[in-house]
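Engineer:
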Amino acid sequence: MAPLLADGRRFLIGDAGHLSSPIAGEGLNAALMDAADLAWKLAPVLRGRGRPLLLESYAIERRMADQHALTVSDLLHGNVMKLAKASASGLPLTPAQPDAERDLTLQRSRAMLDVSYAGSPLIGERLGEWIDRSDGPALGERYPDRLALAGPRHHLLLFAAAPANLTRFQARWDGLVEVVDARTAGLDAARAGVPEGGAVLIRPDGFIGFRAIPADTAGLDALTAHLATYLIEGGCAPMTAVTA
Ligand SMILES: Cc1cc2nc3c(=O)[nH]c(=O)nc-3n(C[C@H](O)[C@H](O)[C@H](O)COP(=O)(O)OP(=O)(O)OC[C@H]3O[C@@H](n4cnc5c(N)ncnc54)[C@H](O)[C@@H]3O)c2cc1C
0 MAPLLADGRR FLIGDAGHLS SPIAGEGLNA ALMDAADLAW KLAPVLRGRG RPLLLESYAI
60 ERRMADQHAL TVSDLLHGNV MKLAKASASG LPLTPAQPDA ERDLTLQRSR AMLDVSYAGS
120 PLIGERLGEW IDRSDGPALG ERYPDRLALA GPRHHLLLFA AAPANLTRFQ ARWDGLVEVV
180 DARTAGLDAA RAGVPEGGAV LIRPDGFIGF RAIPADTAGL DALTAHLATY LIEGGCAPMT
240 AVTA
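Be aware that the sequence shown starts at 0, since it is given in numbering that gives the first Met the number 0, and climbs by one per residue.
1) Shorter than 7 Å, the distance from the beta carbon of G89 to the closest heavy atom of ligand 1, or not?
2) What are the residues that DSSP puts in a beta bridge with H154?
3) DSSP state of I122, grouped into three classes?
4) Please tell me whether, using a cut-off of 7 Å, the distance from the CB of A30 to the nearest non-hydrogen atom of ligand 1 is below it.
5) To the nearest angstrom, how far is it from the Cα of G77 to the Cα of A85?
6) Pull up the distance between the alpha-carbon of A68 and that of D6, whole angstroms please.
7) Of the residues V44, P120, L156, which one's Cα is nearest the Cα of V176?
8) Could you tell me the alpha carbon to alpha carbon distance between G49 and T93, rounded to whole angstroms?
9) Under the three-state reduction of DSSP, which class applies to D36: helix, strand or coil?
10) Just how far apart, CA to CA, sit Q96 and V114?
11) Spell out the partners DSSP gives R8 in its beta bridges.
12) Could you check if L27 belongs to the surroundings of ligand 1, using beta carbon to heavy atom distance under 7 Å?
13) Whose C-alpha, out of R62, E232, D187, H153, is nearest the C-alpha of A30?
14) What residues match up with F168 in a beta bridge as DSSP calls it?
15) Below 8 Å, how does it come out for the region 8 to 26 and the region 97 to 104: are there three or more Cβ pairs, yes or no?
16) Taking the C-alpha atoms as reference points, what is the distance between L126 and I212?
17) Consider the C-beta atom of A15 and the heavy atoms of ligand 1; say whether any pair is separated by less than 7 Å.
18) Helix, strand or coil for A217, going by three-state DSSP, please let me know.
19) Could you check whether the Cβ of P21 sits closer than 7 Å to any heavy atom belonging to ligand 1?
20) Work out the CA separation of L37 and T166 for me, nearest whole Å.
21) Identify the continuous beta strand (DSSP E) that holds I207 and give its terminal residues.
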């Protein structure tokens, strides 16, 4: 892992930032996730709607994810090497006992579906009351139904009646956040990590960026404060060309 994944306006993506064993087949996947992460962050900046924290978060978030990819890759590399060594020794190999839960966990790790950005400054929540933690995705994890949401913006899924300040919120974040009445859209609250209802912000990359439980005016105000740390409110300006 390179000591720095970003330095001001310069960013390392792919093997230049982190090198994994070819055996596990992780390198290109991690590189594409680096590129996707950087792309959605550059877009608001080029439109004059992104604050410095947005680009700074690239190195923070991708270091967490790429470190995880390297750990999984090292584990698989080690397993294959052990197998090769045992095989070369001529001793009989004993296959591992089937374990559905272990295998599913490993599959999710290999596919990088278990990446979490929890702890990133771009992740936040406002919990106004006790919640029942479900099996659904946690804050900072991937929202499994992202493909049901159109377009490259943030989406705010409301699993509750609209709070009184919703119109003001929409005007403020016009062009950056699309509000979805999740109940009429047929989305499952448990799969968004809020089985008992609430508001969930899905980032353009499909990760859960913020949760407000309940989805009331205070929750929406807290989300506005959170968004204001990395986005600039107001109308959407056309994209401008940037020179190096
Ligand atoms: C045998 C093998 C099997 C693999 N299998 C998988 C797999 O199944 N799944 C998976 O996800 N990943 C796999 N990988 C890893 C994957 O190939 C790499 O992670 C991926 O190619 C990284 O892409 P990159 O663009 O970051 O770097 P690269 O593909 O290395 O591209 C860098 C490019 O920059 C060029 N370059 C270097 N220096 C300069 C310079 N000074 N000026 C101009 N150009 C320069 C190089 O020539 C090269 O074309 C495998 C790797 C190997 C070796």
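Where is the CB? At the ideal position from N, CA and C, for every residue including glycine.
Structural biologist: To lay it out plainly:
1) G89 Cβ: outside cutoff for every heavy atom of ligand 1.
2) Per DSSP, E177, I201.
3) Residue state, collapsed to three classes: coil.
4) Yes, Cβ of A30 sits closer than 7 Å to a heavy atom of ligand 1.
5) Each residue's Cα considered, the two are about 12 Å apart.
6) Taken atom to atom, the span from the alpha-carbon of A68 to that of D6 is near 22 Å.
7) Relative to V176, the option among V44, P120, L156 whose CA is nearest is L156.
8) Their Cα atoms are separated by approximately 55 Å.
9) In the three-state DSSP reduction, D36 falls in the helix class (H, G or I).
10) Taking the straight line joining both Cα atoms gives about 27 Å.
11) DSSP, once it has assigned bridges, lists no residue as partnering R8.
12) Because some heavy atom of ligand 1 lies under 7 Å away, the Cβ of L27 counts as near it: yes.
13) The shortest C-alpha separation from A30 is found at R62.
14) Bridge partners of F168: none, in fact.
15) Touching, no.
16) L126 and I212: Cα-Cα distance of roughly 5 Å.
17) Yes.
18) Residue state, collapsed to three classes: helix.
19) Correct: P21 has its Cβ closer than 7 Å to ligand 1.
20) T166 and L37 have their C-alpha atoms some 30 Å from each other.
21) Note, I207: beta strand (DSSP E), 207 to 212.
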